[in-house]
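Trainee: Dropping the structure in here first, questions after.
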Amino acid sequence: RGVLARGSAIAIFPEGVSHSEPKLRPLKTGAARIALGAARGLSQSAPLRVVPAGLYYRAKHTFRSAALLYFGEPFAVAPVALEPGEDPPAGPVRELTARIERALAAVTLQAEQAEAHALVDRAQRIVSAQDDAPASPRSLADEFALRRRLLAAYDVVRAQWPERFAALATRIDRYEAALSVAGLDPRQLAPGRFTPGRVAGYVGKAALVLVLLLPAALVGVAVHYPAYRTAGFVATGMAQGAEDALASIKVLAAMLLFPLTWGGVAAAVWLRWGMEAGLLAFAVAPLTAYAALVFFERLDRIIGGARALSLFVFRRWAFLQLLAERKGIREEILALGREIGAV
Numbered sequence: 008r009g010v011l012a013r014g015s016a017i018a019i020f021p022e023g024v025s026h027s028e029p030k031l032r033p034l035k036t037g038a039a040r041i042a043l044g045a046a047r048g049l050s051q052s053a054p055l056r057v058v059p060a061g062l063y064y065r066a067k068h069t070f071r072s073a074a075l076l077y078f079g080e081p082f083a084v085a086p087v088a089l090e091p092g093e094d095p096p097a098g099p100v101r102e103l104t105a106r107i108e109r110a111l112a113a114v115t116l117q118a119e120q121a122e123a124h125a126l127v128d129r130a131q132r133i134v135s136a137q138d139d140a141p142a143s144p145r146s147l148a149d150e151f152a153l154r155r156r157l158l159a160a161y162d163v164v165r166a167q168w169p170e171r172f173a174a175l176a177t178r179i180d181r182y183e184a185a186l187s188v189a190g191l192d193p194r195q196l197a198p199g200r201f202t203p204g205r206v207a208g209y210v211g212k213a214a215l216v217l218v219l220l221l222p223a224a225l226v227g228v229a230v231h232y233p234a235y236r237t238a239g240f241v242a243t244g245m246a247q248g249a250e251d252a253l254a255s256i257k258v259l260a261a262m263l264l265f266p267l268t269w270g271g272v273a274a275a276v277w278l279r280w281g282m283e284a285g286l287l288a289f290a291v292a293p294l295t296a297y298a299a300l301v302f303f304e305r306l307d308r309i310i311g312g313a314r315a316l317s318l319f320v321f322r323r324w325a326f327l328q329l330l331a332e333r334k335g336i337r338e339e340i341l342a343l344g345r346e347i348g349a350v
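Set out below in C-alpha cells:
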C-alpha cells in the first residue's frame with residue numbers, strides 16, 4: 008500500500024497461483040484489498056488505477072517462442088471511507104474483485120475445456136496460412152485478436168451446428184495428421200516459396216550461414232551439452248509434472264550451471280595458456296553457446312524446408328491435395344464465422 012500511495016506501481020497475480028488451465032481461476036481478494044486500502048490516501052485528481060494485463064504465448068512449450076503482454080483499459084478505483092489501519096469492507100472488496108475479473112477476462116484467452124484451445128490453435132494456423140511467404144510475420148497482437156474471435160465462435164458453432172462442428176473438427180484432425188506424416192510444418196505448405204530463384208537464394212544463404220557457424224557451434228555443443236542436459240534433468244525432477252513450473256526451473260538451473268561452465272572453461276585455459284587466454288575463453292564461451300543455438304534452429308528450418316520442397320517436386324499431387332484441403336477447411340471456418348458474425 009505504501010508503494011501505491013507514493014505513486015509507484017506493483018504487479019499482482021490475483022489468481023494467487025501459476026497454472027496452465029484453460030480459463031482463469033477464481034480470483035483472490037488480495038488485489039482488491041490492497042487497491043482499496045491504498046486508494047484511501049490518494050486525491051480525486053490522481054486516483055489509483057488498475058491496469059489489467061494478460062499474457063499470450065505463440066507456442067508456450069517451445070523454447071524462445073514469442074509472447075505478448077497485452078494491456079487492457081485502465082480503470083480508477085473508487086476510494087471508500089476507512090479509519091487508519093482498518094481493512095476494506097467485504098462489499099466493496101467483492102465488487103472490485105469482480106471488476107478486476109471482468110477486466111482480466113477481456114485480455115486473456117479462455118475456454119471451458121483445454122480441447123477448445125487445442126482446436127482453435129490449429130484452426131488459427133489454417134486461417135492464417137498463406138500460399139506465398141509473407142513479407143513479415145503476423146504480429147502477436149493480430150494473432151491474439153484472431154484467436155479471441157475463434158474462441159468466441161467455438162461455443163456458438165458447437166451449440167448451433169453440432170454436425171458441422173464435428174465434421175470440421177474431423178477434417179482439421181485429418182489435415183494435421185497428414186502434415187505430420189509428411190513431416191511438414193503448416194507454414195511450409197506455401198507453393199509461392201518454391202520458385203527456382205527463391206529456392207536457389209535460400210539454399211545459398213542457408214549454406215553460407217551453416218558453414219560459417221559450424222566451427223563455433225561444434226565447440227558450443229561440446230562445452231555446454233553437459234550443463235544443458237543437467238538443467239533439463241534437474242528441472243524435470245523438481246517440477247514433478249507441473250508444466251508451468253518446468254520452464255522457470257530450467258531457467259534458474261541454467262543461470263547457475265552455464266556461468267559455472269564458462270568459469271570452468273576459463274580456469275582450464277588459464278592454467279594451460281595463461282591469464283589472457285583464460286579471460287578470452289570466458290568471454291568467447293557464451294558466444295559459442297549462442298552459435299550452437301542459432302545453428303541448430305536454422306538447421307531444423309532447412310530440414311523442414313527440404314521436406315516441403317521434396318514433396319512439391321516429387322509428389323506434387325500430394326502437395327496440392329494438402330493445399331486444397333487447407334483451403335477447403337479455411338473456407339468452411341470463414342463461412343461459419345460470417346454466419347454468426349464473428350469474422
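For what it's worth, the numbering used here labels the leading residue of the sequence shown as 8, then goes sequentially.
We put the CB at the ideal spot given by N, CA and C, even for glycine.
All of these numbers come straight from a predicted model, not from anything done at the bench.
Could you tell me the distance, in whole angstroms, from the CA atom of Ala-284 to the CA atom of Ala-234?
Mentor: Cα to Cα, Ala-284 sits roughly 22 Å from Ala-234.
Trainee: Please state the DSSP three-state secondary structure of Ala-60.
Mentor: Of the three classes helix, strand and coil, the one that applies to Ala-60 here is strand, per DSSP.
Trainee: Just to confirm my understanding: we take Leu-31, look at its own chain, exclude 5 residues before and 5 after, and list those with CB closer than 8 Å. What are they?
Mentor: Cβ neighbours of Leu-31 beyond the five flanking positions: Glu-22, Glu-108, Leu-111, Ala-112, Thr-115, Gln-117.
Trainee: Tell me the residue span of the beta strand (DSSP E) that contains Phe-78.
Mentor: Counting along the chain, the beta strand (DSSP E) containing Phe-78 begins and ends at 74-78.
Trainee: Kindly give me the distance between the Cβ atoms of Arg-56 and Pro-81, rounded to whole angstroms, as I take these residues to be in contact under 8 Å.
Mentor: Confirmed, about 4 Å.
Trainee: Could you spell out the range, first to last residue, of the alpha helix (DSSP H) harbouring Ile-347?
Mentor: Where Ile-347 is concerned, the enclosing alpha helix (DSSP H) stretches over 323-347.
Trainee: Once the 5 residues before and after Asp-138 are set aside, which same chain residues still bring their CB inside 8 Å of it?
Mentor: Excluding residues within five positions, the ones whose Cβ falls inside 8 Å are Ala-197, Pro-198, Gly-199, Leu-330.
Trainee: Going by DSSP in three states, Phe-82 sits in which element: helix, strand or coil?
Mentor: If DSSP states are grouped into helix, strand and coil, Phe-82 belongs with the strands.
Trainee: Mind pulling the alpha helix (DSSP H) runs of 4 or more residues that sit fully within the region 159-203?
Mentor: Counting whole runs of 4 or more residues, the region 159-203 contains the alpha helix (DSSP H) stretches 169-189.
Trainee: Just checking my contact of Ala-238 with Ala-273 at CB under 8 Å: how many whole Å lie between their CB atoms?
Mentor: Rounded, the Cβ-Cβ distance is 20 Å, inconsistent with contact.
Trainee: In terms of alpha-carbon separation, which member of Val-301, Pro-86, Ser-27, Ala-53 lies closest to Val-216?
Mentor: The candidate whose alpha carbon is nearest that of Val-216 is Val-301.
Trainee: Applying the criterion that 16 or more other CB atoms from any shown protein chain within 10 Å of the CB defines a buried residue, is Val-276 buried or exposed?
Mentor: Looking at its Cβ environment, which holds 16 or more other Cβ atoms inside 10 Å, Val-276 is buried.
Trainee: Let's see if you can read the secondary structure: which residues bound the alpha helix (DSSP H) around Phe-70?
Mentor: Where Phe-70 is concerned, there is no enclosing alpha helix (DSSP H), given that its DSSP letter is neither H nor E.
Trainee: From Val-58 to Ala-38, what distance separates their C-alpha atoms?
Mentor: Cα to Cα, Val-58 sits roughly 12 Å from Ala-38.
Trainee: If you measure between the beta carbons of Thr-295 and Val-230, is that distance less than 9 Å?
Mentor: For Thr-295 and Val-230, yes; Cβs fall inside 9 Å.
Trainee: For Leu-103, collect the residues of the same chain with a Cβ closer than 6 Å to its Cβ; drop the 5 residues on either side in sequence, then sort them by chain order.
Mentor: Excluding sequence neighbours, Leu-103 sits near Ala-39.
Trainee: Go through its chain and collect everything with a Cβ distance to Thr-243's Cβ below 8 Å, but skip five positions before and after it.
Mentor: Contacts found: Leu-253.
Trainee: Roughly how many angstroms separate the alpha carbons of Pro-266 and Asp-128, rounded to a whole number?
Mentor: Their Cα atoms are separated by approximately 37 Å.
Trainee: If we count the other Cβ atoms within 10 Å of its Cβ and call it buried at 16 or more, is Phe-321 buried or exposed?
Mentor: It is exposed - the Cβ of Phe-321 has fewer than 16 other Cβ atoms within 10 Å.
Trainee: As an exercise, report each continuous alpha helix (DSSP H) stretch of at least 4 residues that is fully enclosed by the region 227-272, in chain order.
Mentor: Runs found: none.
Trainee: Would you mind working out which of Ala-85, Lys-67, Ala-83, Tyr-63 sits nearest Leu-76, comparing C-alpha positions?
Mentor: The shortest Cα separation from Leu-76 among Ala-85, Lys-67, Ala-83, Tyr-63 belongs to Tyr-63.
Trainee: By Cβ distance, which residues of its chain are closer than 6 Å to Arg-165, with the 5 residues on each side in sequence left out?
Mentor: These residues qualify, in order along the chain: Phe-172.
Trainee: Only counting the same chain, and skipping five residues up and downstream in sequence, which positions put a Cβ closer than 7 Å to that of Ala-148?
Mentor: Same-chain partners within the cutoff: Leu-75.
Trainee: In whole angstroms, what is the alpha-carbon distance linking Asp-94 and Ser-25?
Mentor: Distance between the alpha carbons of Asp-94 and Ser-25 is about 27 Å.
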